[in-house]
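Residue 456 in the working numbering is what sits at position 85 of the sequence shown, and the numbering runs on without skipping anything.
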Amino acid sequence: MDTPSKELKGLHAFVPVRPQRTLRYYYLWSLQFIASPILFPFRLLTMVLSFIIAFVSLRILTLKLDLTRPINPFRRTLIRAQTMFVTWLFVWSTGCRIIEKDVQNKPNSEVDHLLIYNHTTSLDGAILAMLGFTSHINKASIRNMPIFGLVELSNQGLFVDRNDPDSKKKIQKAIQERTLLASGPLGLPREWPLVAGAPEGTTTNGTVFITFKRGLFVPGKPVHACHITYDRRILDVSDAHQNMVVAILKMMLCFRTTCTVRYLPRYVPTTEESKDPDLYAENVRYYFHVQSGLPLLNMTGADKQYYRRQLDDVSRCSTIVRDQYPDCRSGSGHYVAG
Numbered sequence: 372m373d374t375p376s377k378e379l380k381g382l383h384a385f386v387p388v389r390p391q392r393t394l395r396y397y398y399l400w401s402l403q404f405i406a407s408p409i410l411f412p413f414r415l416l417t418m419v420l421s422f423i424i425a426f427v428s429l430r431i432l433t434l435k436l437d438l439t440r441p442i443n444p445f446r447r448t449l450i451r452a453q454t455m456f457v458t459w460l461f462v463w464s465t466g467c468r469i470i471e472k473d474v475q476n477k478p479n480s481e482v483d484h485l486l487i488y489n490h491t492t493s494l495d496g497a498i499l500a501m502l503g504f505t506s507h508i509n510k511a512s513i514r515n516m517p518i519f520g521l522v523e524l525s526n527q528g529l530f531v532d533r534n535d536p537d538s539k540k541k542i543q544k545a546i547q548e549r550t551l552l553a554s555g556p557l558g559l560p561r562e563w564p565l566v567a568g569a570p571e572g573t574t575t576n577g578t579v580f581i582t583f584k585r586g587l588f589v590p591g592k593p594v595h596a597c598h599i600t601y602d603r604r605i606l607d608v609s610d611a612h613q614n615m616v617v618a619i620l621k622m623m624l625c626f627r628t629t630c631t632v633r634y635l636p637r638y639v640p641t642t643e644e645s646k647d648p649d650l651y652a653e654n655v656r657y658y659f660h661v662q663s664g665l666p667l668l669n670m671t672g673a674d675k676q677y678y679r680r681q682l683d684d685v686s687r688c689s690t691i692v693r694d695q696y697p698d699c700r701s702g703s704g705h706y707v708a709g
């Protein structure tokens with residue numbers, strides 16, 4: 372027997388966001404139902420093509436390179452340009468249309484150190500790579516993925532094992548090393564690419580900002596930020612509550628999904644923030660709140676694991692989950708209205 376749907380009256384970071392069931396919603400979905408047999412095969416072929424091009428070209432461009440050390444700037448430029456092309460092809464195959472706003476605040480990939488963003492779907496990384504930000508901080512499992520792992524390794528991305536404290540320390544040290552200088556010695560091109568990372572550490576449904584992790588703020592350097600949003604009038608693209616592949620397949624069945632990337636003014640830390648990564652992280656989180664109007668919610672990655680039934684010990688969750696949502700789990704029918 373199906374669980375009846377229950378709209379949550381409070382805030383939650385991981386439950387589905389249900390689009391409003393308007394006449395327009397049903398009309399567009401009926402058209403998409405008719406068009407999907409044509410759109411989907413074409414998009415699937417395009418996606419496979421992007422994978423093949425990425426595999427062959429990046430293998431050639433990184434041949435005999437030690438990617439744990441700075442590489443030749445010309446070779447890095449070629450790798451970055453090829454990555455931008457294949458990720459553009461991949462994003463296009465999902466039916467996603469990208470709109471950039473406030474581009475005067477867009478960071479310079481050859482000068483600036485760090486770009487942080489809110490994390491709604493695993494597609495966020497591909498969208499940023501398509502826009503030129505090809506090196507990311509990833510969870511360790513990405514390294515072993517056939518194509519995505521190759522793309523991140525080729526662009527000298529960083530990989531963190533969330534269950535290994537030593538891994539987190541190594542990543543913090545690597546971030547500090549990469550942000551030490553904006554350029555190489557004597558004004559030469561920088562040795563390491565700009566790093567993009569999501570301080571939330573996991574995907575959310577995009578309705579709130581959960582707790583920011585401190586790792587990206589340890590260097591105490593100014594950061595650039597962008598706020599990524601998706602048009603949810605037809606589809607909830609977040610993979611906070613569903614498998615990443617399922618979310619992307621749904622996008623491929625739609626006419627088009629619009630994603631807006633709005634660049635925020637650079638955030639320059641105070642002396643106190645530079646010395647205290649926790650304070651810095653919390654204040655940047657509040658900065659996102661002010662710029663976007665979305666509320667703050669002290670939920671964590673453990674709350675997502677509990678919601679998705681990957682964790683059964685509610686005592687490891689935040690106070691919000693323990694007090695308000697102990698019964699709100701995947702398949703329980705809970706959602707928030709779009």
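All C-beta atoms, glycine included, are put in the ideal place defined by N, C-alpha and C.
Item checked: Closest residue to phenylalanine 426 among Met516, Pro387, Ala500 (Cα-Cα distance) -> Counting from 1 along the sequence shown, the entry for residue 426 is found at position 55. With distances taken between Cα atoms, phenylalanine 426 lies closest to Met516.
Next item on the list: Drop a sphere of 10 angstroms on the beta-carbon of threonine 393, count the other beta-carbons inside from all chains shown, and report buried for 16 or more, exposed for fewer.
Entry: The residue given as residue 393 occupies position 22 in the sequence shown. With fewer than 16 other CB atoms across the displayed protein chains lying within 10 angstroms of its CB, threonine 393 is exposed.
Next item on the list: Using a threshold of 8 Å, state whether the C-beta atoms of proline 570 and phenylalanine 583 are closer than that.
Entry: As a first step, residue 570 must be located in the sequence shown, where it is residue number 199. As a first step, residue 583 must be located in the sequence shown, where it is residue number 212. Between proline 570 and phenylalanine 583, the gap from beta carbon to beta carbon is short of 8 Å.
Checklist line | Close beta carbons around methionine 372, own chain, < 6 Å, minus the five adjacent residues each side | finding: Here the question's residue 372 lines up with position 1 in the sequence shown. Note that methionine 372 scores 42 on pLDDT, short of 50, meaning its location in the model is unreliable; the coordinates nonetheless yield the value given after this. If you ignore the 5 residues before and after methionine 372, its C-beta comes within less than 6 Å of no other C-beta in its own chain.
Next item on the list: Taking only the alpha-carbon atoms, compute the straight-line gap between histidine 484 and serine 506 and give it to the nearest angstrom.
Entry: In the sequence shown, counting from the first residue as 1, residue 484 sits at position 113. In the sequence shown, counting from the first residue as 1, residue 506 sits at position 135. For histidine 484 and serine 506, the distance between alpha carbons rounds to 11 Å.
Next item on the list: Kindly indicate which residue of Thr642, Pro536, Gly709, Met622 has the alpha-carbon position closest to the one of glutamine 403.
Entry: For the purposes of this step, residue 403 is identified with residue 32 of the sequence shown, where counting begins at 1. Ranking the options by Cα distance to glutamine 403, first place goes to Met622.
Check: lysine 544 and valine 531: beta carbons closer than 8 Å?
Finding: Reading the sequence shown from its first residue, position 173 is the one you call residue 544. Reading the sequence shown from its first residue, position 160 is the one you call residue 531. Going by beta carbons, lysine 544 and valine 531 fall outside the 8 Å limit.
Check: How would you write the range of the beta strand (DSSP E) that glutamate 471 sits in, first residue to last?
Finding: Numbered from its first residue, the sequence shown carries residue 471 at position 100. Going by DSSP, glutamate 471 is part of the beta strand (DSSP E) stretching over 467-472.
Next item on the list: Let me know the secondary structure DSSP gives aspartate 373 once reduced to three states.
Entry: The residue you call residue 373 lines up with position 2 of the sequence shown. In this prediction, aspartate 373 scores a pLDDT of 49, lower than 50, which makes its location untrustworthy; the coordinate-derived value is nonetheless stated afterwards. Aspartate 373 falls in the coil class under three-state DSSP.
Item checked: Distance between asparagine 534 and glycine 503 (C-alpha atoms, nearest Å) -> The residue labelled residue 503 in the question sits at position 132 within the sequence shown. The residue labelled residue 534 in the question sits at position 163 within the sequence shown. Cα-Cα distance, rounded: 30 Å.
Next item on the list: Tell me whether valine 419 is buried or exposed, calling it buried when 16 or more other Cβ atoms sit within 10 Å of its Cβ.
Entry: Looking up residue 419 in the sequence shown gives position 48. It counts as exposed.
Checklist line | Range of the contiguous beta strand (DSSP E) that encloses alanine 708 | finding: Here residue 708 refers to the residue found at position 337 when the sequence shown is read from its first residue. Alanine 708 -> beta strand (DSSP E) spans 705-708.
Next item on the list: Tell me whether the beta-carbon of alanine 406 lies closer than 8 Å to the beta-carbon of phenylalanine 461.
Entry: Locating residue 406 in the sequence shown gives position 35, counting from the first residue. Locating residue 461 in the sequence shown gives position 90, counting from the first residue. One thing to note: alanine 406 has its Cβ no nearer than 8 Å to the Cβ of phenylalanine 461.
Note to self: Taking only three categories from DSSP, how would you classify proline 412?
What the structure shows: Within the sequence shown, residue 412 is the residue found at index 41, counting from 1. Assignment of proline 412 by DSSP, reduced to helix, strand and coil, places it in the helix class.
Notebook entry, point to check: How would you call alanine 708, buried or exposed, if buried means at least 16 neighbouring beta carbons within 10 angstroms?
Noted result: In the sequence shown, residue 708 corresponds to position 337, counting from 1. It counts as exposed.
Next item on the list: Just the C-alpha distance for aspartate 698 and isoleucine 619, rounded to the nearest angstrom, thanks.
Entry: Residue numbering aside, residue 698 sits at position 327 when the sequence shown is read from its first letter. Residue numbering aside, residue 619 sits at position 248 when the sequence shown is read from its first letter. Rounded to the nearest angstrom, the two C-alpha atoms are 28 Å apart.
Margin query: In chain order, what are the residue ranges of uninterrupted beta strand (DSSP E) at least 3 long that sit wholly in the segment 475-540?
Written below: Correct list: 485-488, 508-510, 529-531.
Next item on the list: Rank Ile469, Ile542, Ile409, Tyr677 by C-alpha distance to the C-alpha of threonine 629 and give the top, closest one.
Entry: The residue you call residue 629 lines up with position 258 of the sequence shown. Taking only the C-alpha atoms, the option nearest threonine 629 is Ile469.
Notebook entry, point to check: Quick one, are the C-beta atoms of proline 390 and arginine 603 less than 8 Å apart?
Noted result: The residue labelled residue 390 in the question sits at position 19 within the sequence shown. The residue labelled residue 603 in the question sits at position 232 within the sequence shown. Yes, the Cβ-Cβ distance between proline 390 and arginine 603 is below 8 Å.
Next item on the list: Give the secondary structure of valine 388 by DSSP, where H, G and I count as helix, E and B as strand, and everything else as coil.
Entry: Working through the sequence shown from its first residue, we reach residue 388 at position 17. Shown here, valine 388 sits in a strand according to DSSP, grouped into three states.
Checklist line | Rounded C-alpha distance that separates alanine 452 from asparagine 576 | finding: Translated into the one-based positions of the sequence shown, residue 452 becomes position 81. Translated into the one-based positions of the sequence shown, residue 576 becomes position 205. Spanning the two alpha carbons is a distance of roughly 31 Å.
Next item on the list: Pull up the distance between the alpha-carbon of leucine 667 and that of proline 536, whole angstroms please.
Entry: Against the sequence shown, residue 667 aligns to sequence position 296. Against the sequence shown, residue 536 aligns to sequence position 165. Cα to Cα, the separation comes out at about 26 Å.
Note to self: Quick check on the DSSP output: what are the complete alpha helix (DSSP H) runs of length 4 or more inside the segment 633-670, in order along the chain?
What the structure shows: Taking 4 residues as the minimum length, the alpha helix (DSSP H) runs contained wholly in the segment 633-670 are 642-646, 648-663, in order along the chain.
Check: arginine 637: which of Asp694, Lys477, Ile546 sits nearest, CA to CA?
Finding: Here residue 637 refers to the residue found at position 266 when the sequence shown is read from its first residue. Out of Asp694, Lys477, Ile546, Lys477 has the C-alpha closest to the C-alpha of arginine 637.
Note to self: In the DSSP assignment, the alpha helix (DSSP H) including tyrosine 677 goes from what residue to what residue?
What the structure shows: Translated into positions along the sequence shown, residue 677 becomes position 306. Unbroken alpha helix (DSSP H) run through tyrosine 677: 672-678.
Next item on the list: May I ask you to list the residues that DSSP assigns as paired with phenylalanine 580?
Entry: Mapped onto the sequence shown, residue 580 falls at position 209. According to DSSP, which records beta bridges pairwise, phenylalanine 580 is partnered with Leu667.
Margin query: Within 10 Å of its beta-carbon, does leucine 494 have 16 or more other beta-carbons around it, so buried, or fewer, so exposed?
Written below: As a working note, residue 494 is residue 123 in the sequence shown. So leucine 494 ends up on the buried side.
Next item on the list: State the Cα-Cα distance for the pair glycine 672 and glycine 568, rounded to the nearest angstrom.
Entry: Counting from one through the sequence shown, the residue named residue 672 turns up at place 301. Counting from one through the sequence shown, the residue named residue 568 turns up at place 197. Going by the C-alpha atoms only, they are around 15 Å apart.
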